[in-house]
Amino acid sequence: MDSKKLPLWNLIALTLCAVVALAACVPIEIEIGVPTPTPTSTPAQALAATLTPEIFPSLTPLATNTPTLTPLFFATSATSTLTPLSGATSASPTPSLTPAIAVQPPQQPQPNPSGCSGTPNITFTASRTTITVGESTTLSWTVTNADSIQIEPSLGGVITANASRNVSPNTTTTYTLTARCSNNTETRTVRVNVDDVGAGVRPDPAAPTAPSGFTASGFGTTVTFNWTDNSNNETGFKIYQDGVTNPVLSPGAHSGTGPQSAQLTGIGCNFSGKFYIVAVNAAGPSSNSPMPTAVTIPCAPTTFIATGERTTIHFRWNDTPNETGFQVYQQGTSATKVGPRLPSNTNNYDFDALFCNGEGTYFVRAVNGAGESADSPVDHAVTVPCPPTITGASAISATAVRVDYTDTSTIENGFHIYRTGRDEILKTTIPLPASGRAGVGFPDGLPCGQKYSYYVKAFNDAGESAASATTNGTTSACTVAVTFSTIKVLDDRQPFTGAQITCDLNAIYGDFHRWPNSGYITINSGETKPISVTIVKNLLRTEDLGVVVRCHENATFQLHPYMGEVAGDYEGSANWSAGTYCPIKSKSNGTVGTAEKLFEICYTIKVTP
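Sequential numbering from 1 applies to the sequence shown in the numbering used here.
1) Out of 143, 516, 405, which one is the CA nearest neighbour of residue 431?
2) From the DSSP output, which residues share a beta bridge with residue 503?
3) To test your reading of the DSSP string, which unbroken beta strand (DSSP E) runs of 3 or more residues are found completely within the segment 307 to 365?
4) Tell me the residue span of the beta strand (DSSP E) that contains residue 478.
5) Output yes or no for whether 9 angstroms exceeds the beta carbon distance between residue 454 and residue 475.
6) Under 8 angstroms, with one C-beta from each stretch per pair, do the segment 290 to 309 and the segment 319 to 327 reach the 3-pair mark?
7) Return the CA-CA distance between residue 145 and residue 259, expressed in angstroms with no decimal places.
8) Going along the chain, which residues of its own chain have a beta-carbon closer than 6 angstroms to the beta-carbon of residue 605, five neighbours each way excluded?
9) Name the two residues that bound the continuous beta strand (DSSP E) containing residue 426.
10) Just list the residues that DSSP pairs residue 603 with in beta bridges.
11) Tell me the rounded alpha-carbon separation between residue 396 and residue 402.
12) What residues in its chain sit with their C-beta under 8 angstroms from that of residue 129, if we drop five residues either side in the sequence?
13) Out of 387, 529, 312, 328, point me to the one whose CA is closest to residue 500's CA.
14) With residue 358 and residue 383 assumed to form a contact (beta carbons below 8 angstroms), what rounded beta-carbon distance in angstroms separates them?
15) Pick helix, strand or coil for residue 614, following the three-state DSSP scheme.
16) Please work out which residues of its chain come closer than 6 angstroms, Cβ to Cβ, to residue 364, disregarding the five sequence neighbours upstream and downstream, and give them in chain order.
17) Measuring straight from C-alpha to C-alpha, what distance separates residue 622 and residue 257?
18) When you compare the segment 238 to 251 with the segment 259 to 268, are there three or more beta-carbon pairs, one atom per stretch, that lie closer than 8 angstroms?
19) I think residue 531 touches residue 584, with their Cβ atoms under 8 angstroms apart; what is that distance to the nearest whole Å?
20) For residue 278, which beta-bridge partners are listed by DSSP?
21) I'd like to confirm the pairing. Which residues does DSSP put opposite residue 133 in its beta bridges?
22) Can you tell me where the beta strand (DSSP E) holding residue 527 begins and where it ends?
23) My assumption, with CB atoms under 8 angstroms, is that residue 398 sits in contact with residue 477. Please give the rounded CB distance.
24) Inspect the beta-carbon positions of residue 217 and residue 228 and report whether they are closer than 9 angstroms.
25) Under the rule that 16 or more other beta-carbon atoms within 10 Å means buried, what is residue 338, buried or exposed?
26) From residue 408 to residue 473, what distance separates their C-alpha atoms?
27) Under three-state DSSP, which class holds residue 254?
28) Taking DSSP as the reference, what is the three-state secondary structure of residue 372?
29) Count the other C-beta atoms from every protein chain shown that fall within 10 angstroms of the C-beta of residue 142, then say buried if there are 16 or more, exposed otherwise.
30) With residue 154 and residue 210 assumed to form a contact (beta carbons below 8 angstroms), what rounded beta-carbon distance in angstroms separates them?
31) If we call anything under 9 angstroms between Cβ atoms a contact, is residue 351 one with residue 313?
32) Using the C-alpha atoms, what's the distance from residue 291 back to residue 246?
33) Excluding the 5 residues preceding and the 5 following residue 441 in the sequence, name in chain order all residues of the same chain whose CB lies nearer than 6 angstroms to its CB.
34) Should residue 315 go down as buried or exposed, given a rule of 16 or more other Cβ atoms within 10 Å for buried?
35) What residue from 166, 148, 171 has the CA that sits closest to residue 179's CA?
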């Protein structure tokens with residue numbers, strides 16, 4: 001055979017190898033001029049041996065029962081060498097084509113035919129997060145609100161929304177579950193740590209994922225921390241206060257992921273600080289969380305004063321730091337709020353109690369988001385007493401009365417007795433004992449024989465009560481002394497000189513006192529005679545005082561025709577002025593418009609006490 005045909009045979013053999021066998025071609029050696037051996041090894045070699053150069057130009061198609069095979073694609077840059085057969089002098093190098101590796105498409109997530117909206121919800125856990133080589137653990141997951149789910153590394157098969165699968169990784173492996181809802185994607189990871197038993201060493205883990213949703217809130221003197229654990233490989237957590245080197249709390253590890261909490265107690269009042277949290281393991285801490293601020297309750301105000309003024313109680317205290325307001329309380333079986341919650345930086349409050357007989361022990365608390373402080377010191381305060389009930393008044397002397405009343409309060413310091421129409425206090429009395437609430441007062445220094453209206457007020461540190469009803473009382477009668485001192489004849493019209501007269505001196509009508517006691521006196525015109533007569537009467541100021549003098553002709557007891565009668569009338573207290581009076585008797589002489597002065601009588605009025 002012509003040696004030039006050798007490359008063509010070789011090409012035919014390679015082509016048939018590609019058609020018959022999909023896995024790989026077996027190299028074929030052909031010796032020129034040697035009969036084709038009987039195929040005893042592979043179908044490809046047998047098929048190549050049956051082909052001769054003579055039939056090459058007109059190849060017969062494969063039998064109909066031969067499978068139709070799709071040829072693989074080959075890399076064009078692959079080369080090969082041809083090994084000469086035994087006895088052959090040369091071999092022409094012919095390319096040997098190497099099949100390219102077929103590329104498989106990635107595993108596609110399983111769609112959720114129902115569709116969704118929003119963000120998927122995922123839980124993803126492992127029954128054991130640490131195993132040794134050859135052991136297994138169970139991955140479990142639940143996914144809602146997703147239209148596709150995927151787990152890497154692939155677990156094989158279809159990933160449903162609520163399932164579990166046993167895995168046995170030979171090395172530490174992190175499994176990632178990805179759920180998608182439209183354009184929204186959520187992932188969760190589970191790390192399975194695998195101990196290399198032969199080496200006795202666990203591979204170093206990756207740093208944990210940082211917690212999220214960290215909050216710090218105070219209640220009393222305790223701060224409560226809440227966060228979401230996002231890591232499965234932490235060995236614990238550390239909570240720090242901003243600016244403090246050492247952690248304030250070191251909570252332990254949490255299996256799986258999800259909400260976590262811890263409390264820091266016994267901090268003290270008036271505290272305010274910022275905190276943050278990290279997850280930790282052998283690889284180090286996670287990144288820091290945001291730093292929320294937490295406060296404890298304020299410290300109690302250190303001063304507190306309560307002062308009553310009539311029906312208002314004034315509260316005063318010192319402000320304290322770290323508060324958002326204040327609340328006043330009245331002490332009792334359980335504290336009772338007094339008034340509304342007051343704003344921050346307040347240091348006073350006026351409570352309009354609007355009632356008498358108010359009494360209480362009070363305190364104040366500072367307030368903020370962590371609660372209320374302890375109680376401030378306490379203070380006692382009262383409103384004014386309620387008014388007493390007056391029961392009567394009676395005279396006990398010419399200058400004093402007795403006023404009786406009933407107490408209606410237990411918080412009075414005493415009582416004030418007043419007279420109607422006069423603002424000044426007539427009498428102050430002491431408080432009454434708890435039993436037997438009747439009281440009495442004795443206003444003195446009053447005018448004699450006078451009727452007055454009285455009322456009573458109770459008082460204490462908050463002021464006076466309202467006034468009681470009024471009652472009337474009259475002091476004993478006054479002693480009125482009328483002393484006649486002189487009599488003077490101004491004009492005696494008798495034809496003879498020297499009048500012989502007697503006089504009746506009256507202080508009250510009908511009460512006659514003869515002067516002189518016997519006989520008569522002779523008095524000339526222009527002459528003054530002394531009189532020494534005193535008339536004493538006990539009179540109330542509601543009674544009238546009248547002074548009348550009647551003089552008579554000698555012993556006939558007839559009025560002197562010219563001297564007649566002189567009188568001074570006094571009615572009521574307004575005319576009871578002590579002093580000396582000299583009324584003059586005048587008589588008309590018949591001439592119109594003229595009057596004659598006949599005589600005058602002088603006397604003095606004295607009122608006691």
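Glycine included, C-beta positions come from ideal geometry on N, C-alpha and C.
If we stick to the structure as given:
1) In the sequence shown, residue 431 corresponds to position 431, counting from 1. Of the listed residues, the one whose Cα sits closest to residue 431 is 405.
2) The residue you call residue 503 lines up with position 503 of the sequence shown. Partner residues in the beta bridge of residue 503, as assigned by DSSP, are 515, 551.
3) Those beta strand (DSSP E) runs which fall completely within the segment 307 to 365 and span 3+ residues are 312 to 317, 325 to 330, 336 to 343, 348 to 352.
4) On the sequence shown, residue 478 is found 478 positions in, with the first residue counted as 1. Residue 478 -> beta strand (DSSP E) spans 478 to 489.
5) Here residue 454 refers to the residue found at position 454 when the sequence shown is read from its first residue. Here residue 475 refers to the residue found at position 475 when the sequence shown is read from its first residue. Contact: no.
6) Under the 8 angstroms Cβ criterion, the segment 290 to 309 counts as touching the segment 319 to 327, having at least three qualifying pairs.
7) Position 145 of the sequence shown, counted from the start, is the residue given in the question as residue 145. Position 259 of the sequence shown, counted from the start, is the residue given in the question as residue 259. Spanning the two alpha carbons is a distance of roughly 21 angstroms.
8) Here residue 605 is taken as the residue at index 605 of the sequence shown, counted from 1. The beta carbon of residue 605 lies closer than 6 angstroms to those of 482, 578 in the same chain, with the five residues before and after it left out.
9) Taking the first residue of the sequence shown as position 1, residue 426 is located at position 426. For residue 426, the enclosing beta strand (DSSP E) starts and ends at 422 to 429.
10) If you number the sequence shown from 1, residue 603 lands on position 603. DSSP links residue 603 through a beta bridge to 484, 581.
11) Here residue 396 refers to the residue found at position 396 when the sequence shown is read from its first residue. Here residue 402 refers to the residue found at position 402 when the sequence shown is read from its first residue. Spanning the two alpha carbons is a distance of roughly 6 angstroms.
12) The residue given as residue 129 occupies position 129 in the sequence shown. Apart from sequence neighbours up to five positions away, the residues of its chain that approach residue 129 with a beta-carbon distance below 8 angstroms are 137, 190, 191, 192, 193, 232, 233, 255, ordered along the chain.
13) Here the question's residue 500 lines up with position 500 in the sequence shown. Nearest in C-alpha terms to residue 500, of all of 387, 529, 312, 328, is 529.
14) As a first step, residue 358 must be located in the sequence shown, where it is residue number 358. As a first step, residue 383 must be located in the sequence shown, where it is residue number 383. Yes, they are in contact, since the Cβ atoms of residue 358 and residue 383 sit about 3 angstroms apart, within 8 angstroms.
15) The chain is shown from 1 up to 609; residue 614 falls before or after that span and cannot be answered.
16) Along the sequence shown, read from residue 1 onward, the residue named residue 364 stands at position 364. Excluding sequence neighbours, residue 364 sits near 301, 304, 317, 326, 328, 376.
17) Lying outside 1 to 609, the shown extent of the chain, residue 622 is not represented and no answer is given.
18) With contact defined as three or more Cβ pairs closer than 8 angstroms, the segment 238 to 251 and the segment 259 to 268 are in contact.
19) Your numbering for residue 531 matches position 531 in the sequence shown. Your numbering for residue 584 matches position 584 in the sequence shown. A Cβ-Cβ separation of about 16 angstroms leaves residue 531 out of contact with residue 584 under the 8 angstroms criterion.
20) For the purposes of this step, residue 278 is taken as the residue at position 278 of the sequence shown. Looking at the DSSP assignment, residue 278 forms a beta bridge with 238.
21) Here the question's residue 133 lines up with position 133 in the sequence shown. Note: residue 133 sits in no beta bridge, so no partner.
22) The residue you call residue 527 lines up with position 527 of the sequence shown. Segment: none, residue 527 is in no beta strand (DSSP E) and carries neither H nor E.
23) Within the sequence shown, the letter at position 398 stands for residue 398. Within the sequence shown, the letter at position 477 stands for residue 477. So it is a contact: roughly 7 angstroms between Cβ atoms.
24) One-based indexing of the sequence shown puts residue 217 at position 217. One-based indexing of the sequence shown puts residue 228 at position 228. Note that the C-beta distance between residue 217 and residue 228 is not below 9 angstroms.
25) Walking along the sequence shown from the start, residue 338 turns up at place 338. When all chains shown are included, residue 338 counts as buried.
26) Mapped onto the sequence shown, residue 408 falls at position 408. Mapped onto the sequence shown, residue 473 falls at position 473. Going by the C-alpha atoms only, they are around 22 angstroms apart.
27) Along the sequence shown, read from residue 1 onward, the residue named residue 254 stands at position 254. The three-state reading of DSSP puts residue 254 in coil, since its state is none of H, G, I, E or B.
28) For the purposes of this step, residue 372 is taken as residue 372 along the sequence shown, with counting starting at 1. In this structure, residue 372 counts as strand in the three-state DSSP scheme.
29) For this step, residue 142 is matched to residue 142 along the sequence shown. Residue 142 is classed as exposed because its beta carbon has fewer than 16 other beta carbons within 10 Å across all chains shown.
30) Position 154 of the sequence shown holds residue 154. Position 210 of the sequence shown holds residue 210. Beta-carbon to beta-carbon, residue 154 and residue 210 are separated by about 28 angstroms, too far to satisfy the 8 angstroms threshold.
31) The residue you call residue 351 lines up with position 351 of the sequence shown. The residue you call residue 313 lines up with position 313 of the sequence shown. Residue 351 is a Cβ neighbour of residue 313, given a cutoff of 9 angstroms.
32) The count along the sequence shown starts at 1 and reaches residue 246 at position 246. The count along the sequence shown starts at 1 and reaches residue 291 at position 291. Cα-Cα distance, rounded: 16 angstroms.
33) Locating residue 441 in the sequence shown gives position 441, where the first residue counts as 1. Within the same chain, and ignoring the five residues on either side of residue 441 in sequence, the residues whose Cβ sits closer than 6 angstroms to its Cβ are 403, 417, 427, 429.
34) Taking the first residue of the sequence shown as position 1, residue 315 is located at position 315. Label assigned to residue 315: buried.
35) Position 179 of the sequence shown, counting from 1, holds the residue named residue 179. Nearest C-alpha to residue 179: 148.
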